[in-house]
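Student: Before anything else, here's the structure in question.
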Amino acid sequence: MTDLAFETPWALMGLLLIFLPLLRSPMQATTYPWLDIIPVDPLSQLINVLIRVLAMAAFAALFLGLSGLHRKAQHVERIGHGAHIVMLLDRSNSMDHSFAGKAPSGNDDGRDAGGRATQGAVAEQSKADAARHLLTQFVDHRPHDLIGIAEYSTSPLFVMSLTENKQAIHAAIDATTTPALAYTNISKGLSMALSFFDHQPVNGSRILLLVSDGAAVIDPDSEAALRVLFKQQQVRLYWLFLRTDNSPGILVQPDDPRDDNAQAMPELYLHRFFSSLNIPYHAYEAENPDAMQKAINDINQLEQMPLHYLQAIPKQDLSGLCYRWLTGLIACLLGLKFCEVRRI
Amino acid sequence: MQKPIESFHYRLAYPGHSVFPGAHPGQMVGSGQLFKRHEPLLVSPDPRRIDLRASLLDPFQQYRVRVFQQHSKLTVYVIADLSTSMVDKLPALGELVLSAAQSALQMGDSFGFIGCSHAIDHQWILPAGSAMQPVRALVNRLQTLRAQSRAESLSHVAPLLPHKRCLVLLVTDGHFSLQKLQAILRPLTQHAVVPIVWWQTNEYSNLPDWGLVRFKDAESRRSRTLLMRPVLKQRIIQTFEQRRLQLRQCFRAFGMEPLFLSNDYRADTLNRYFQQQAL
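If you read the protein sequences in the order shown, they are chains F and W.
Residue numbers for the first sequence follow the numbering used here, so the first one is 6 and each next one is one higher.
Residue numbers for the second sequence follow the numbering used here, so the first one is 20 and each next one is one higher.
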């Protein structure tokens, strides 16, 4: 914490004046014939020392303030409860539909004037809006997490690397209000999300939160690569599946054995793929915003491992503090000056 | 418009024996009012004063002559401490000098002044004389004095005084050690010394009750900051009272009764002082 620096170090030359109060007194001297006759008075001696110390401190505060004393930006290691979380959001077209599988009704697009998602105030909201709103809340509840965001559509979209800056994360989540893109290419999205954990220390838990409303087929090459990646990065996988009405769920076994293929039921096959990875994995199937909320609360409670993290303390300007001290010291000295008797 | 000079009347318990006739009872015999003794005509050959009755009664059949006590002249000296600490008392000192000079000259005595700063400076020495003008000139010069030193020469002043007993008004503020005071007084014992100790009241009893004061010593130039409050003021006054006792004790050890003056000069104080002295 002694990481102090100065903006204009040459102003520190003024600190030489700190010895001025030792040589001169701010008080007007009255000639007295014989000082030796005045009895020794400890209180007066104390006041004398006090005046000098105050004056020296005032000089010090003035010149430290003028030299722009500040504390450099620092990182403090702290222990909190949290995780490294990468959110992988689906930006396919279908995310702009409501849970009922159609475009949201009314002229309300599910957002308030500030662009934030509103919940309940609007009868229907798109899945993207619901996800956005809930993720915002989720982020607010997790003060110590490092959160990164990736999106995918036809191609993966790098949005934000792992960061603890909540403002940036909120902005990144809010940025998904732009209209969704085309199709679903989940394997590239997953590999990009996993790449977020590269060069990150393994402490606390690593979570990959996949928010999607559908799945796609993963080709065998990508599947092999993803298996390796998942093993390497030691992540926990949560899949928040926003199920549209009338679409098959994750866990639904096909009635017809002919439908039991990856083309017909990509969700089921993706689920099977995730289950076969031998990593902690949980899938939540949300059919409406409330269910989604419940899923997020679950994750919130589950992932509270102790986490070492570095908290960044920005550069602190201490010159204001110096000037405040200076004001106080000068006020004290002025008060003492007003106590001075000049009548004699 | 100058203030009229007040004069005071002084008298001595033990008169001197100056040969010059003056106003004070002396030990010289000569023309006077007070019968002193009979002497043989050969000792004091003044046939006008032959006492026939005493001559007849003399078993040795000699002429007896009456002799009278002759009033003799006295020399008055003011020895002043001209150290830096006396600077604020210089106007009052000037008044005292003028008053003493006028009193002395009125009585027909001679008056002299010796000012003592670091060394004896001839500028501040006025030999005993009977003119007022040099005294006025000296007092005028005294008002412009910028003293910068201690009164070290006070103890070397005795050789400048007459051998005969004279009246010495020793004006000082007594702000030095008692050893130094003893060294000053010892050579002066053959004279009739009236120590006048001059303290300004704003040195002790007139200090403020409350507040911060910074005092600078007039001689050593050291300074001290004091937080004045009634307790401290009381202690300072007590210290001064104690000092007064010490000084009085020290002066009395040399057979001198000190006179403590404060602030302005008043001739009445000196009158009262001299009247209180037992003859």
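For every residue, glycine included, the Cβ atom is placed at its ideal position computed from N, Cα and C.
Since this is a predicted model, take the numbers as computed values, not measurements.
Whole angstroms are fine: how far does the CA of W:G41 sit from the CA of W:L60?
Tutor: Distance between the alpha carbons of W:L60 and W:G41 is about 25 Å.
Student: May I ask which residues mark the beginning and end of the alpha helix (DSSP H) holding F:L162?
Tutor: From DSSP, F:L162 is part of no alpha helix (DSSP H) but of the beta strand (DSSP E) over 161-168.
Student: What residues are listed by DSSP as bridge partners for F:E345?
Tutor: Partner(s): W:L231.
Student: Anything in the segment 42-76 of chain F with a Cβ closer than 8 Å to a Cβ of chain W? List those residues in chain order, please.
Tutor: The segment 42-76 of chain F vs chain W, Cβ under 8 Å: I42, I43, P44, D46, L48, S49, I52, N53, I56.
Student: Does any residue of chain W have a CB that is nearer than 8 Å to the CB of F:S324?
Tutor: For F:S324, the answer is no, since every Cβ of chain W falls outside 8 Å of its Cβ.
Student: With a threshold of 8 Å, are at least 3 pairs of Cβ atoms found where one atom belongs to the segment 272-282 of chain W and the other to the segment 214-223 of chain W?
Tutor: Taking 8 Å as the limit for Cβ pairs, the verdict is that the segment 214-223 of chain W does touch the segment 272-282 of chain W.
Student: Please classify W:A150: is it buried, with 16 or more other beta-carbons within 10 angstroms of its beta-carbon, or exposed?
Tutor: The residue is exposed, with fewer than 16 neighbouring Cβ atoms inside 10 Å.
Student: Can you give me the Cβ contacts of F:W244 inside the same chain, cut-off strictly under 6 Å, excluding the 5 residues immediately before and after it?
Tutor: So the qualifying residues of the chain are L215, A288.
Student: Determine, for F:L334, whether the minimum Cβ-Cβ distance to residues of chain W falls below 8 Å.
Tutor: With 8 Å as the cut-off, F:L334 does not count as an interface residue toward chain W.
Student: Within the continuous beta strand (DSSP E) that includes W:V106, where are the two ends?
Tutor: Unbroken run through W:V106: none, as it is neither H nor E.
Student: Could you check what DSSP says for W:L60 in three-state terms: helix, strand or coil?
Tutor: Three-state result, W:L60: coil.
Student: So what does DSSP say about F:Y157, is it helix, strand or coil?
Tutor: Note: F:Y157 maps to strand in three-state DSSP.
Student: Quick one: list the residues of chain W neighbouring F:C344, beta-carbon separation under 9 Å, in chain order.
Tutor: The answer, in chain order, is W229, G230, L231, L246.
Student: Classify F:I154 as buried or exposed, calling it buried when 16 or more other Cβ atoms lie within 10 Å of its own Cβ.
Tutor: F:I154 comes out buried.
Student: Can you find a CB in chain W that lies within less than 8 Å of the CB of F:P26?
Tutor: Closer than 8 Å: no.
Student: Mind reading off the beta-carbon distance from F:Y286 to F:S280? Whole number of angstroms is fine, and I expect it under 8 Å.
Tutor: Yes, they are in contact, since the Cβ atoms of F:Y286 and F:S280 sit about 6 Å apart, within 8 Å.
Student: Can you tell me where the beta strand (DSSP E) holding F:H175 begins and where it ends?
Tutor: Unbroken run through F:H175 is the alpha helix (DSSP H), 171-179; no beta strand (DSSP E).
Student: Which residue marks the beginning of the beta strand (DSSP E) containing F:M297, and which one marks its end?
Tutor: Note, F:M297: premise wrong, no beta strand (DSSP E); alpha helix (DSSP H) at 294-307.
Student: Of the choices W:Q89, W:L117, W:F270, W:T94, whose alpha-carbon is the least far from that of W:L197?
Tutor: For the residues W:Q89, W:L117, W:F270, W:T94, the minimum Cα distance to W:L197 belongs to W:F270.
Student: Just to confirm, is the Cβ distance from W:L226 to F:L48 under 8 Å?
Tutor: No. Outside cutoff.
Student: By the DSSP assignment, the beta strand (DSSP E) with F:D145 in it spans what residues?
Tutor: Taken as a continuous stretch (DSSP letters only), F:D145 belongs to no beta strand (DSSP E), being part of the alpha helix (DSSP H) at 132-146.
Student: Buried or exposed for W:A211, going by 16 or more other Cβ atoms inside 10 Å?
Tutor: Burial call: buried.
Student: Give the straight-line distance between the Cα atoms of F:A10 and F:S103, rounded to the nearest whole angstrom.
Tutor: About 55 Å.
Student: Is it buried or exposed for F:A122, if we count other Cβ within 10 angstroms and need 16 for buried?
Tutor: Its pLDDT being 48, under 50, F:A122 is placed unreliably in this model, and the value from its coordinates should be taken loosely. Under this definition F:A122 is a buried residue.
Student: Just curious, the beta strand (DSSP E) that W:F270 is in, first and last residue?
Tutor: Counting along the chain, W:F270 falls outside any beta strand (DSSP E), though it belongs to the alpha helix (DSSP H) covering 249-272.
Student: Give the residues of chain W in contact with F:P38, contact being defined as C-beta atoms less than 7 Å apart.
Tutor: Simply S104, D192, H194, E222, A237.
Student: Please compile the residues from chain W whose C-beta is within a distance smaller than 8 Å of the C-beta of F:Q321.
Tutor: Per Cβ cutoff of 8 Å: no residues; F:Q321 is ~38 Å from chain W at best.
Student: Cutting at 8 Å between CB atoms, please list the residues of its own chain near F:L315, excluding the five before and the five after it.
Tutor: So the qualifying residues of the chain are H80, V81, E82, R83.
Student: Within a Cβ cutoff of 8 Å, which residues of the same chain sit near W:K183, ignoring the five residues on either side of it in sequence?
Tutor: Within the same chain, W:K183 has close Cβ partners G35, H36, S37, T94.
Student: Along chain W, which residues have their Cβ under 9 Å away from the Cβ of F:T168?
Tutor: Result: empty, since nearest Cβ-Cβ is about 58 Å, beyond 9 Å.
Student: If we define contact as Cβ-Cβ less than 8 Å, is W:Y292 a contact residue for chain F?
Tutor: Closer than 8 Å: no.
Student: What does F:L341 reach in chain W if we use C-beta pairs closer than 8 Å?
Tutor: What F:L341 touches in chain W: L231.
Student: I want to verify the contact list: residues of chain F whose CB lies under 8 Å from the CB of W:T258, in sequence order.
Tutor: Within chain F, the residues near W:T258 are I42, I43, P44.
Student: For F:L312 versus F:G209, is the C-beta distance shorter than 8 Å?
Tutor: Going by C-beta atoms, F:L312 is nearer than 8 Å to F:G209.
Student: Mind the definition here: the segment 49-57 of chain F touches the segment 16-33 of chain F only if three or more C-beta pairs lie below 8 Å; say whether that holds.
Tutor: Touching, per the Cβ criterion.
Student: Is the shortest distance between the beta-carbon of F:A78 and the beta-carbons of chain W less than 8 Å?
Tutor: Taking Cβ atoms only, chain W never reaches closer than 8 Å to F:A78, which makes this a no.
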